[in-house]
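*Asks:* I'd like to ask some things about the structure below.
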Amino acid sequence: MKVLFISNAIHGSGGLEKVLAFRCHQMIAAGYELDIVCLEQADCFFEFPRAINIFSPQKHSNNPFLRGLYFKQCLKQLLQRKQYDLVSVCDDGIKALFWPFMFKKSNTHWSYERHAERGFGLPNVLKQSKWFVSIQNHFLSYYHSMIC
Numbered sequence: 016m017k018v019l020f021i022s023n024a025i026h027g028s029g030g031l032e033k034v035l036a037f038r039c040h041q042m043i044a045a046g047y048e049l050d051i052v053c054l055e056q057a058d059c060f061f062e063f064p065r066a067i068n069i070f071s072p073q074k075h076s077n078n079p080f081l082r083g084l085y086f087k088q089c090l091k092q093l094l095q096r097k098q099y100d101l102v103s104v105c106d107d108g109i110k111a112l113f114w115p116f117m118f119k120k121s122n123t124h125w126s127y128e129r130h131a132e133r134g135f136g137l138p139n140v141l142k143q144s145k146w147f148v149s150i151q152n153h154f155l156s157y158y159h160s161m162i163c
């Protein structure tokens, strides 16, 4: 089974990175083929198996919108080339909600991983607004499963 993990970064010393490193070791031992794509990459704090391909597109701009577009293009090429069975999005940011929507014609199973409370890092006004919660729920419906 081919699995792709999408994350902002995996070089930190936080819980997401630790859990992901542990899961990768277990999955490689079970015979899975794993890749990780992240926006930013540096030397990893936790040890990841050498059998994993880690992709990190070069930073072409400081503009977050342009970086997002470039990341989407790189992700599209990777999805077409590798034909993953599962894509697991390990990102607590708002942009994580949109990935399966942007690639909804894909036959891939999309899983959303949440390692923080819903709305983490957002202003309270936005977190508690009904329209924002309904938008989140709408885009979460494009995922096939969710891991908390």
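Just so we're aligned, residue 16 is where the sequence shown starts under the numbering used here, counting upward by one.
Idealized CB from N, CA, C, for every residue including glycine.
#1: What's the C-alpha gap between Glu48 and Ile69?
#2: Can you tell me whether DSSP reads Ser126 as helix, strand or coil?
#3: Rounding to the nearest angstrom, what Cα-Cα distance links Phe60 and Ser126 in this structure?
#4: Tell me which residues share the same chain as Glu55 and place their Cβ nearer than 8 Å to its Cβ, disregarding the 5 neighbours each side in the sequence.
#5: Does the Cβ of Asp106 have 16 or more other Cβ atoms within 10 Å, making it buried, or fewer, making it exposed?
#6: Using the three-state DSSP reduction, which class does Cys89 fall into: helix, strand or coil?
#7: Spatial neighbours of Phe63 within its chain, please: CB distance less than 6 Å, with the 5 preceding and 5 following residues excluded, ordered by chain position.
#8: What separation, rounded to the nearest whole angstrom, lies between the Cα atoms of Asn139 and Gln151?
#9: Are Ile43 and Ala57 close, meaning C-beta to C-beta below 7 Å?
#10: Roughly how many angstroms separate the alpha carbons of Asn122 and Asn77, rounded to a whole number?
#11: For Ser103, list the residues DSSP reports as bridge partners.
*Replies:* Reading from the atomic positions:
#1: Counted from its first residue, the sequence shown places residue 48 at position 33. Counted from its first residue, the sequence shown places residue 69 at position 54. Going by the C-alpha atoms only, they are around 12 Å apart.
#2: In the sequence shown, the residue the question calls residue 126 occupies position 111. Here Ser126 sits in strand by DSSP.
#3: Indexing the sequence shown from 1 puts residue 60 at position 45. Indexing the sequence shown from 1 puts residue 126 at position 111. Each residue's Cα considered, the two are about 25 Å apart.
#4: Locating residue 55 in the sequence shown gives position 40, counting from the first residue. Cβ within range, chain order: Asn23, Ala24, His26, Ser71, Lys74.
#5: Numbered from 1 along the sequence shown, position 91 holds the residue referred to as residue 106. Asp106 should be labelled buried.
#6: What you label residue 89 is simply residue 74 of the sequence shown in a count that begins at 1. In the structure shown, Cys89 sits in a helix (DSSP, three-state: H, G or I).
#7: Taking the sequence shown and counting its residues from 1, one reaches residue 63 at position 48. Excluding sequence neighbours, Phe63 sits near Ala36, Cys39.
#8: Translated into the one-based positions of the sequence shown, residue 139 becomes position 124. Translated into the one-based positions of the sequence shown, residue 151 becomes position 136. Going by the C-alpha atoms only, they are around 15 Å apart.
#9: Position 28 of the sequence shown holds residue 43. Position 42 of the sequence shown holds residue 57. Their beta carbons are not under 7 Å apart, which means Ile43 does not touch Ala57 by this criterion.
#10: By one-based count along the sequence shown, residue 122 stands at place 107. By one-based count along the sequence shown, residue 77 stands at place 62. Approximately 33 Å between the Cα atoms of the pair.
#11: By one-based count along the sequence shown, residue 103 stands at place 88. In DSSP, Ser103 forms a bridge with Phe20, Ser126.
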